[in-house]
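Numbering (this note's numbering), first residue to last: 233 to 1040.
Every residue, glycine too, gets a C-beta built ideally from N, C-alpha and C.
Keep in mind that this is a model prediction, so the values were computed, not measured.
Worksheet: the structure to be examined is printed underneath.
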């Protein structure tokens, strides 16, 4: 915008304001950079020349223009500032006429890049009473994908395709909105999404009452805030070499002006992943003696292609009201895995009896489409009202072909067996939620309440066909149809108050659940109706400047995913079955934590967690029929207690260290095969993370993290120790618009693990060699107005997270 046009706009603006306000005085002008580009949303403040007190202020519009009205005649110091630029000061005098200051030019700060600040180039950690905040903005991690950031977040584990915090599956949020995908799809989304817009990751161990009762632990990914108007885009691509090569690429686009925010992204993942399993099963007779030993080797290769589209549209009706629409669309046209197995069968003395091989070809395709409509109204009193309506439609299809060949001990063919299955699942999820918050400023407190309803309908069917002489013969014994309906009605209220040294937060959530599952073939109907109370409380006390105490309590619920309730039998081979359990009950957990903070960077805390009817998938042997059945099972009770030590500090101005160690005891109790089983084990979890900034301009960042998990117990299964190791390097290029990243996982090849089950008449062992050792090269490039941060809000509904089991 040239000077003549600026003067015309300025004159018209002053004349217009003069007609409207009569003789009211004003201060006006334009804000631009040294290249004459207008600066939007710059802060312009009139300061008192006596004591620098702020008198009046405003922000510039998209053309850089500002107008401060109703100014009292006096002398002022005009302060103009914007992030990444040096503040500008000038003395002005307002007497009988309005003041036109003309064009105010801001110079870039020497401590800022064109698009982002580089003051902090290493991850930092902040620990509050109810959460841990991991700041990763502008670090080596921020130029990878979102999954790499989550994997490196202190206290968070990514184990065999599932996220875990303190032996609990967390709920993932982005900008306080749930990600609208099932667990397996969430992993695909995080792998394919660039992390360049992430500001921090919050691990919330004590979520408030407004969160669903099933949100026992929440991971909230915080995206950057919107700063300026215009268009910004990013393209990215990554190549990963593990067992096999895999790659992903995508583009993000964001546009903002004073009335709308628009975000749209697309990513494509093409993966080929290998996995090797060694399994041993000892089948036991009625005399508790081993009569057959089965040794199996499985080689599984998975190929998949995933298309993910995310969109967000915000319309600012006015300063206080916003209407938003968002969608998360996932298309999986190809998910194929081929499992080749070889099993040798021995007697109790390891003499060969017979052997068999099998091939399992499975082809999946599905789509998962989620849509949200949000309305937020902020009132002048400081209170706010938000409304949300959500819809998910999910369609899943699977074709499976299994072939087995059985051989005598001399390896001559005995017989062959083959069958096919065709299955599908259609799910529709509808939710509606309203929240209202009211600050009580006079008492330094706040009050909030809300309600939510959710409705889930799932229709599933499976048809199995035996192959006899090349013909398909319907198998009615292993075919079924299952309808599932669930409705949950919830309401909550919470109260927060702060005193000089105390902070208190209390809340209560109530939920009524109505469930009906019906097997159409057997005509069996299962109903569950239950009402639950979910209180929450948090109290902290600042004993001194460097010492604080805190305690938290929360009650939560974990509902089974829909596939775990589905009674269908999926045959991995003739003798290994995966099946659901329609009688599965929800798990209720009480969690208590107490701790102290020393000097703001040392934390010592103890916790106790008691879970009733905890459920997990267990391998259960049918010794009479030589079957190994993986089925979700309710335990009677699970208790866990432990002690944590956490610290973080700077070794140098460029080297930050985070360290945590946790010692805990897990005790499990269940009735299996009409026998009471009790087991407990002490274990250790330790993590050491290092973050460094290198080179004079901090353009090279390095992050190295190590996680050690000692031998531990999971569902009466003993899991051997593991060492996780991740290294990430980031280098900015092309005048800070391009970024090269190099990362590696499982540096010491210690992440594979074995699982041992040995109790009552259960005796089996598995060693998992997973495709988790890799080297990854990535590149991203920012274009357009790179000062923008997006309005990306990938959401998740708790109901969607239960669409599928974790892992495959």
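Between residue 994 and the rest of its own chain, which residues show a CB-CB distance below 6 Å, the 5 nearest in sequence each way excluded?
Locating residue 994 in the chain shown gives position 762, where the first residue counts as 1. For residue 994, where only same-chain residues beyond five positions count, the Cβ hits under 6 Å are 853.
For residue 270, is the classification buried or exposed, using 16 other Cβ atoms within 10 angstroms of its Cβ as the cut-off for buried?
The residue given as residue 270 occupies position 38 in the chain shown. Under this definition residue 270 is a buried residue.
So, helix, strand or coil for residue 345, using DSSP?
The residue you call residue 345 lines up with position 113 of the chain shown. Reliability fails at residue 345, whose pLDDT of 33 lies under 50, so the model's placement of it is uncertain and the value that follows must be treated cautiously. Of the three classes helix, strand and coil, the one that applies to residue 345 here is coil, per DSSP.
When DSSP labels each residue in this structure, what does residue 873 get in the three-state scheme?
Translated into positions along the chain shown, residue 873 becomes position 641. Reduced to three states, the DSSP call for residue 873 is strand.
Would you mind stating whether residue 483 and residue 405 have Cβ atoms separated by less than 9 Å?
For the purposes of this step, residue 483 is taken as residue 251 along the chain shown, with counting starting at 1. For the purposes of this step, residue 405 is taken as residue 173 along the chain shown, with counting starting at 1. No, Cβ-Cβ distance for residue 483 and residue 405 is not below 9 Å.
Opposite residue 1042 in the DSSP bridges: which residues?
Outside the shown range of the chain (233 to 1040) lies residue 1042, about which nothing can therefore be said.
Per DSSP, which residues does residue 430 bridge with? Please list them.
What you label residue 430 is simply residue 198 of the chain shown in a count that begins at 1. BP columns for residue 430 point to 455.
Would you call the segment 557-571 in contact with the segment 598-610, where contact means no fewer than 3 C-beta pairs closer than 8 Å?
The segment 557-571 vs the segment 598-610: in contact.
Among 923, 586, 668, 975, which residue has its Cα nearest to the Cα of residue 386?
Numbered from its first residue, the chain shown carries residue 386 at position 154. That would be 923, whose Cα lies nearest to the Cα of residue 386.
Please report the straight-line C-alpha distance between residue 682 and residue 471, rounded to a whole angstrom.
The residue labelled residue 682 in the question sits at position 450 within the chain shown. The residue labelled residue 471 in the question sits at position 239 within the chain shown. Going from the Cα of residue 682 to the Cα of residue 471 covers about 45 Å.
Using C-beta distances below 6 Å, list every residue in its chain close to residue 698, excluding the 5 sequence neighbours before and after it, in chain order.
Looking up residue 698 in the chain shown gives position 466. Cβ within range, chain order: 651, 705, 707.
How close, in whole Å, do the beta carbons of residue 741 and residue 716 come, if the pair is a contact with beta carbons under 8 Å?
In the chain shown, residue 741 corresponds to position 509, counting from 1. In the chain shown, residue 716 corresponds to position 484, counting from 1. About 24 Å separates the two Cβ atoms, so there is no contact after all.
With distances taken between CB atoms, is the gap from residue 443 to residue 403 smaller than 9 Å?
Looking up residue 443 in the chain shown gives position 211. Looking up residue 403 in the chain shown gives position 171. Their beta carbons are under 9 Å apart, which means residue 443 touches residue 403 by this criterion.
By a C-beta neighbour count over all protein chains shown, 10 Å radius and 16 as the cutoff for buried, is residue 604 buried or exposed?
In the chain shown, the residue the question calls residue 604 occupies position 372. The residue is buried, with at least 16 neighbouring Cβ atoms inside 10 Å.
On a Cα-Cα basis, can you pick out the residue from 826, 366, 437, 998 that is closest to residue 401?
As a working note, residue 401 is residue 169 in the chain shown. Closest option to residue 401, Cα to Cα, is 437.
Which residues mark the beginning and the end of the beta strand (DSSP E) in which residue 748 is found?
Sequence index remark: in the chain shown, residue 748 carries index 516 (1-based). Segment 734-751, the beta strand (DSSP E) holding residue 748.
Taking three-plus beta-carbon pairs below 8 Å as touching, is the segment 527-535 in contact with the segment 1004-1012?
In short, these stretches do not touch, since the Cβ pair count stays below three.
Could you name the residues that DSSP lists as bridge partners for residue 366?
The residue given as residue 366 occupies position 134 in the chain shown. Its beta-bridge partners are 357, 433.
In whole angstroms, what is the alpha-carbon distance linking residue 365 and residue 880?
Start at 1 with the first residue of the chain shown, and residue 365 comes out as number 133. Start at 1 with the first residue of the chain shown, and residue 880 comes out as number 648. Straight-line Cα distance between these residues: approximately 12 Å.
Identify every residue that forms a DSSP beta bridge with residue 574.
Here residue 574 corresponds to residue number 342 of the chain shown, with the count starting at 1. Residue 574 is bridged to 529, 589.
If distances are taken between C-alpha atoms only, which option among 276, 268, 556, 950 comes closest to residue 545?
The count along the chain shown starts at 1 and reaches residue 545 at position 313. Of the candidates 276, 268, 556, 950, the one whose C-alpha sits nearest the C-alpha of residue 545 is 556.
Going by DSSP in three states, residue 422 sits in which element: helix, strand or coil?
One-based indexing of the chain shown puts residue 422 at position 190. If DSSP states are grouped into helix, strand and coil, residue 422 belongs with the helices.
Since residue 955 and residue 980 should fall inside the 8 Å C-beta cutoff, what is the C-beta to C-beta distance between them, to a whole number of angstroms?
Taking the first residue of the chain shown as position 1, residue 955 is located at position 723. Taking the first residue of the chain shown as position 1, residue 980 is located at position 748. Contact holds; Cβ gap of about 6 Å.
Alpha carbons only, please: which of 293, 357, 845 is nearest the one belonging to residue 888?
Counting from 1 along the chain shown, the entry for residue 888 is found at position 656. It is 357 whose Cα lies nearest to the Cα of residue 888.
Considering residue 380, what are the terminal residues of the alpha helix (DSSP H) in which it resides?
Mapped onto the chain shown, residue 380 falls at position 148. First-last of the alpha helix (DSSP H) with residue 380: 378-383.
Which same chain residues end up closer than 8 Å to residue 828 when comparing Cβ atoms and leaving out the 5 residues on each side of it in sequence?
Residue 828 sits at position 596 when you count from the first residue of the chain shown. Cβ within range, chain order: 779, 780, 781, 782, 835, 836, 837.
Give me the Cα-Cα distance between residue 398 and residue 689, rounded to the nearest whole angstrom.
Here residue 398 corresponds to residue number 166 of the chain shown, with the count starting at 1. Here residue 689 corresponds to residue number 457 of the chain shown, with the count starting at 1. Cα-Cα distance, rounded: 32 Å.
Which whole-angstrom value is the C-beta distance of residue 338 and residue 263, which I expect to be below 8 Å?
Here the question's residue 338 lines up with position 106 in the chain shown. Here the question's residue 263 lines up with position 31 in the chain shown. Rounded, the Cβ-Cβ distance is 7 Å, consistent with contact.
For residue 292, count neighbouring C-beta atoms within 10 Å of its own C-beta (all shown protein chains included) and say buried if the count is 16 or more, exposed if not.
Residue 292 sits at position 60 when you count from the first residue of the chain shown. Buried: at least 16 other Cβ atoms inside 10 Å.
Look at the alpha carbon of residue 1040 and the alpha carbon of residue 312, and state the distance between them as a whole number of angstroms.
Numbered from 1 along the chain shown, position 808 holds the residue referred to as residue 1040. Numbered from 1 along the chain shown, position 80 holds the residue referred to as residue 312. Low per-residue confidence applies at residue 1040: pLDDT is 42, beneath 50, and the placement is therefore not dependable, though the value from the model is reported in the following sentence. Approximately 56 Å between the Cα atoms of the pair.
In terms of alpha-carbon separation, which member of 634, 945, 935, 663 lies closest to residue 870?
Looking up residue 870 in the chain shown gives position 638. Cα-wise, what sits closest to residue 870 is 945.
In this structure, what does DSSP give as the bridge partners for residue 498?
Working through the chain shown from its first residue, we reach residue 498 at position 266. Answer by DSSP bridge pairing, in chain order: 483, 541.
Output the distance between the C-alpha atoms of residue 640 and residue 582, rounded to the nearest integer angstrom.
For the purposes of this step, residue 640 is taken as the residue at position 408 of the chain shown. For the purposes of this step, residue 582 is taken as the residue at position 350 of the chain shown. Looking at the two C-alpha atoms, the distance is approximately 15 Å.
Suppose the cutoff is 7 Å on Cβ atoms and the five residues either side in sequence are ignored; what does the same chain contact list for residue 883 look like?
Counting from one through the chain shown, the residue named residue 883 turns up at place 651. Contacts found: 889.
Regarding residue 288 and the ligand FAD, is the C-beta to nearest heavy atom distance less than 8 Å?
Inclusion of the ligand FAD in the displayed structure is not the case, the ligand content being empty and no account of it being possible.
When the Cα atoms are used, what is the spatial distance from residue 505 to residue 474?
On the chain shown, residue 505 is found 273 positions in, with the first residue counted as 1. On the chain shown, residue 474 is found 242 positions in, with the first residue counted as 1. Their backbone Cα atoms lie some 8 Å apart in a straight line.
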